[in-house]
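Before any comments, here is the structure.
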Amino acid sequence: RMSRPAEEMLYMAMEDFRVDVIVGKGPGATAIPLELPPFTLVGATTRAGLLPPPLRDRFGFTAHMEFYAPAELERVIHRSARLLDVAIDPAGAAEIAGRSRGTPRIANRLLRRVRDYAQVKADGHITEDI
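Numbering (our numbering), first residue to last: 17 to 146.
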């Protein structure tokens with residue numbers, strides 16, 4: 017969780033394109049305003065309900081994305097396997113896709129771990145059994 021002062025600074029940056037930097041401590045502390053160039057902030061999370069409502073409310077547009085279908089993940093896995101220069105059977109890709117919870121990041125992480133296992137325990141070729 018973000019600290020309250022950090023949240024407040026982010027809110028000011030998002031709304032006013034400026035932040036106040038506090039210099040010093042106690043009664044003698046002064047705030048120096050810093051202007052920010054206009055920017056676009058893009059956020060992504062699978063746990064939007066855990067965001068503080070004031071932060072969630074400051075985003076001008078909220079989209080709810082669908083998880084990837086297994087067939088789409090298989091395409092991601094085959095592409096990543098080519099980039100990693102690892103051979104993979106369609107059944108092996110399907111097995112990884114089915115365990116990826118609809119998320120390419122998880123699919124790619126699993127592919128790398130299975131690749132490592134296949135290189136050590138097999139001939140480096142990923143099959144359904146590996």
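Heads up, the beta-carbon is just placed ideally off N, CA and C, and yes, glycines get one too.
Since this is a predicted model, take the numbers as computed values, not measurements.
The shortest CA-to-CA distance from residue 84 to any of 101, 64, 120 is the one to 120. Looking at the DSSP output, residue 39 sits in a beta bridge with 46.
Under the DSSP assignment, residue 120 falls in the alpha helix (DSSP H) whose first and last residues are 120 to 137. Counting every other CB atom within 10 Å of its CB across the protein chains shown gives residue 19 a total below 16, marking it as exposed. Here DSSP, grouped into helix, strand and coil, assigns residue 51 to strand. Spatial neighbours of residue 29 in its own chain (CB-CB distance under 7 Å, excluding positions within 5 residues in sequence) are listed in chain order as 35, 52.
Per the coordinates, the alpha-carbon of residue 133 lies some 24 Å from the alpha-carbon of residue 88. Looking only at 78, 101, 97, 82, the smallest Cα-Cα distance to residue 109 is reached by 97. Under the Cβ criterion (8 Å, minimum of three pairs), the region 139 to 146 counts as touching the region 98 to 105. Counting only residues of its own chain and dropping the five nearest sequence neighbours on each side, residue 23 has a CB closer than 7 Å to the CB of 68, 71.
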